[in-house]
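Residue numbers (the working numbering): 16 to 306.
Glycine is no exception: its CB is placed at the ideal position from the N, C-alpha and C atoms.
Data block below; observations after.
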Amino acid sequence: MLISASLLTYLEIIAVLFSISNTYWIPSISIKLVLTDDEYDLLSSDYSLTYSNNTNMGTGVITINGRNNFSGSVTSNFTISAISLENATITINNPNSVIYTGEELTPAITVKLGDKELVEDTDYTVAYTNNKFAGTATVTITGKGNYGGEVSKEFTIHKADPTYTVPSDLTATYGDTLAAITLTTGFAWEQSTTDIIKQVGTVNIYTLTYTPADTANYNVITNIPVEITFAKAKLTLTANNNTITYGDAPAHNSVTPSGLVTGDTVSGLFGELTYSYDYKQFDNVGDGTFT
16 MLISASLLTY
26 LEIIAVLFSI
36 SNTYWIPSIS
46 IKLVLTDDEY
56 DLLSSDYSLT
66 YSNNTNMGTG
76 VITINGRNNF
86 SGSVTSNFTI
96 SAISLENATI
106 TINNPNSVIY
116 TGEELTPAIT
126 VKLGDKELVE
136 DTDYTVAYTN
146 NKFAGTATVT
156 ITGKGNYGGE
166 VSKEFTIHKA
176 DPTYTVPSDL
186 TATYGDTLAA
196 ITLTTGFAWE
206 QSTTDIIKQV
216 GTVNIYTLTY
226 TPADTANYNV
236 ITNIPVEITF
246 AKAKLTLTAN
256 NNTITYGDAP
266 AHNSVTPSGL
276 VTGDTVSGLF
286 GELTYSYDYK
296 QFDNVGDGTF
306 T
């Protein structure tokens with residue numbers, strides 16, 4: 016039987032990709048032989064198929080060739096539509112390295128549709144929005160060539176660590192508080208600033224927090240170690256005047272301290288004080304001194 020265009024129709028020619036990893040399109044078809052009063056469903060053994068112009072989006076060509084009990088051929092076109100990127104996945108390469116710089120950031124991406132990795136500028140184009148400051152940015156891919164539609168993915172621009180200079184040559188005096196030590200702008204003590212410090216010499220047990228002016232784009236840095244040199248405090252002891260009666264043994268009336276740090280005592284610092292006198296018992300009446 017001779018196949019002719021008037022006798023043969025094929026229905027439901029649908030542009031469906033046989034396999035996304037292949038480089039050609041194969042439509043799904045149903046073929047019927049239309050006779051005068053009836054239709055006959057052809058078997059796959061009744062014909063063979065050949066395709067042309069079916070590698071890219073556009074118009075493909077299918078040719079049906081009769082075999083066995085059929086001969087002749089018929090050709091028709093079918094439409095190859097763009098593959099939708101709706102189900103494409105976008106991966107940000109090295110997402111932790113996307114850090115604020117003050118410039119617009121365009122991190123590299125990988126785009127896959129199923130197992131197939133798509134090629135930028137061949138299969139899609141890329142655009143970035145809100146991609147200058149720390150926070151949430153968006154990358155959008157738009158189909159190109161054999162691909163259509165678009166898909167977006169949000170990514171994070173991380174805050175940057177600020178640059179700073181740790182305060183140095185910090186000095187204080189035994190009995191001071193941290194509040195008495197002036198720091199450069201942005202730095203603050205992590206320890207209490209009201210506690211009295213009873214240290215002498217260079218110590219490094221204190222830490223700072225640095226808060227940059229732009230906290231929207233820069234991190235606050237904590238636990239910054241710093242050295243402080245504490246000088247000895249000046250303490251003055253003044254002997255109190257005392258009056259004794261002629262014939263009495265020399266005696267003192269204790270001392271008055273000046274510059275004593277809160278919580279310290281003279282006896283706690285020096286133990287029991289000893290005194291010396293330039294007056295002896297039964298010396299003439301008058302003024303004497305003791306130290």
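- Task: For Ala103, count neighbouring Cβ atoms within 10 angstroms of its own Cβ and tell me buried if that reaches 16, exposed if not.
- Result: Label assigned to Ala103: buried.
- Check the C-beta distance from Val113 over to Ile172 and give it rounded, since I have them as a contact under 8 Å. 6 Å
- Item | Cβ shell of Glu165 (< 7 Å), same chain only, five flanking positions each side left out | Close CB contacts of Glu165 within its chain, under the 7 Å cut and outside five residues either way in sequence, are with Leu100, Thr155, Ile156, Thr157, Gly158 (chain order).
- Item | the stretch 106–124 touching the stretch 73–89, judged by at least three CB pairs closer than 8 Å | no
- Please report how far the alpha carbon of Asp61 lies from the alpha carbon of Thr140, in whole angstroms. 45 Å
- Helix or strand or just coil, what does DSSP make of Leu193? helix
- Could you work out which residue in Val134, Gly160, Leu120 is closest to Glu169 when comparing CA atoms only? Leu120
- Message: Quick check: Asp191 and Ile212, are their CB atoms within less than 8 Å of each other?
- Response: At the C-beta level, Asp191 and Ile212 come within 8 Å of one another.
- Message: Determine whether the beta carbon atoms of Ala152 and Tyr143 lie at a separation below 8 Å.
- Response: Cβ distance < 8 Å, so Ala152 and Tyr143 count as in contact.
- Message: I'd like the list of long-range same chain contacts for Asn37, defined as Cβ closer than 7 Å, with 5 residues on each side in sequence excluded.
- Response: Because Asn37 carries a pLDDT of 44, less than 50, the predicted location of this residue cannot be relied on, and the following value inherits that uncertainty. Cβ within range, chain order: n/a, list empty.
- Query: Run through DSSP, which three-state label would Asn102 get?
  - Reply: Note: Asn102 maps to coil in three-state DSSP.
- Task: Identify, in the order they occur along the chain, each residue of the same chain with its Cβ nearer than 6 Å to the Cβ of Tyr233, setting aside the five sequence neighbours on each side.
- Result: So the qualifying residues of the chain are Lys174, Ala175, Pro177, Pro227.
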